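What follows is a short report on a single structure.
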Amino acid sequence: MRYAVLGTGEVGRTLAGRLVELGYEVTLGSRAKDNPVAREWATVAGGRAHAGTFAEAAAAADVVVNAVGGRVALAALRAAGAENLDGKVLVDVSNPLLVEEGEVRLDPVESDSVGERIQREFPHARVVKTLNTVNCQVMVDPGRVPGEHDLFVCGEDAGAKNQVRELLGEFGWPAERVLDLGGIRAARAVEMLLPLWLTLFGRFGHPDFNVEVRRAR
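Start counting the sequence shown at 0; every next residue gets the next number (numbering that gives the first Met the number 0).
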């Protein structure tokens, strides 16, 4: 299985690095072919790690991970090319974070989501929203948070969600802690968890936390 991880920030590098550790071929995609951060990552990560443009990364991959910010996700995926996304699982881990005059808010929010916008613009991609409700280190190592806690997935394609759940299991997420919320419209709900996450981060002073959903049986 070959992966493209679009985005050279901390989230993208963390996910790409873990995928390489798991034995996958991974291309870290960026806007420019000679991106120094991507090239350095590929050099340090070793032989299965590569750097390239968004389009080169997506073309070489079986699965594409969108790890750029939610506000620029569509632009990055356009640069990757619809023809390089068609039929592929597209994992969206982004949040629509907007900072204006020192205030943090979401755009879009409530009536739309980044996950839905991606699925609308790339109807032949198999979009799965997940991992956006935890810090990137917790994404790939849920044991950083003690006890039982939950992760969410949503998307229109059941097969794509099953494939993503298998990958999450490789990251260390127990199957029973990954909650399927249904179609991609549920991306609105999980993206709206970001303000709560930021508030908790401010309260705790570190990102090693998550939520647990408890329910009556």
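Note that CB positions come from ideal geometry on N, CA and C, so glycine has one too.
Source: prediction; values computed, not measured.
In chain order, Ala72, Leu73, Pro107 place their CB closer than 8 Å to the CB of arginine 116, counting only its own chain and leaving out the 5 sequence neighbours on each side.
Contact between the region 186-197 and the region 135-147 is not established, with fewer than three Cβ pairs separated by less than 8 Å. Per the DSSP secondary-structure output, cysteine 153 pairs in a beta bridge with Lys128.
Across the set Pro194, Phe170, Gly45, the C-alpha of Phe170 shows the shortest separation from the C-alpha of arginine 17.
For alanine 124, the closest C-alpha among the options Phe151, Arg70, Ala81 is that of Ala81. Contact between arginine 77 and leucine 97 does not hold, since the beta-carbon distance rounds to 20 Å and is not under 8 Å. Considering only Ile183, Asp33, Pro173, Ala3, the residue with the shortest C-alpha distance to valine 19 is Ala3. Close CB contacts of valine 144 within its chain, under the 7 Å cut and outside five residues either way in sequence, are with Val137, Asp207, Phe208, Asn209 (chain order). As a beta-bridge residue in DSSP terms, valine 62 pairs with Tyr2, Val88. Between valine 90 and asparagine 65, the C-beta spacing is below 8 Å. Where valine 25 is concerned, the enclosing beta strand (DSSP E) starts and stops at 24-29. In this structure, DSSP gives threonine 52 an extended state, which the three-state scheme calls strand. Under the DSSP definition of a beta bridge, glutamate 102 partners with Glu99.
Assigned with DSSP and collapsed to three states, valine 210 falls in coil, not helix or strand. Contact annotation: valine 92 and leucine 150 have beta-carbon atoms that are not nearer than 8 Å. For glutamate 109 and glycine 204, the gap between their C-alpha atoms comes out near 28 Å.
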